Amino acid sequence: MEALEAGEGDAAFLAVRPPGHHATRDRAMGFCLFNNIAITADALARRGRKVAIVDWDVHHGNATQDMFFDRRDVLYISTHEFPFYPGSAGSTKPARARGGVEHQHPLPAGTAGERLRGSLERHRAPVLRACSPTGSW
């Protein structure tokens, strides 16, 4: 985040483990103590940046989705296996959030390879293209 603010780049990729996506504002959950991604996304959005979180993990990032449900400055996209922990987000339809749209795409257990890639290309890439710096959410 600091490198972006200093003008040393125009995009960032954070590979963190655990992602923190289960940690809520007031409690740890699912081995996640802090929601690192949400903390960083919130800080960037409050500085006027457009932020997209693409969460591809076996588990749905329930806390990250909930944190940005009312906001239009952070897009949350989840690709996860359902019904694994925490058992949320089983629908393939975009959830209409009060502030914008949350995109989720649950996959059957063990999804990998071409099926996963196809899902990302068909369902996630168009959303991200539409949300480019010049696009609209």
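Residue numbers are given in numbering that gives the first Met the number 0: position 20 of the sequence shown equals residue 19, and the series is strictly consecutive. Glycine residues also receive a C-beta, built at the ideal position from the N, C-alpha and C atoms. Being a predicted model, the structure only gives us computed values, none of them experimental.
- By the Cβ neighbour-count rule, Gly60 is buried, with 16 or more other Cβ atoms within 10 Å of its own.
- Leu13 carries a coil assignment under DSSP once its states are collapsed to helix, strand and coil.
- By the Cβ test, the segment 99-119 is not in contact with the segment 35-44, since fewer than three Cβ pairs between them sit closer than 8 Å.
- For Gly86, the number of other beta carbons within 10 angstroms of its own is below 16, and it is reported as exposed.
- For Thr63, there is no enclosing beta strand (DSSP E); the residue is part of the alpha helix (DSSP H) that begins and ends at 61-66.
- It is roughly 22 Å from the alpha-carbon of Gly19 to the alpha-carbon of Thr110.
- For Leu74, the enclosing beta strand (DSSP E) covers residues 73-80.
- Classified as buried, Phe67 has 16 or more neighbouring CB atoms from the shown chains inside 10 Å of its CB.
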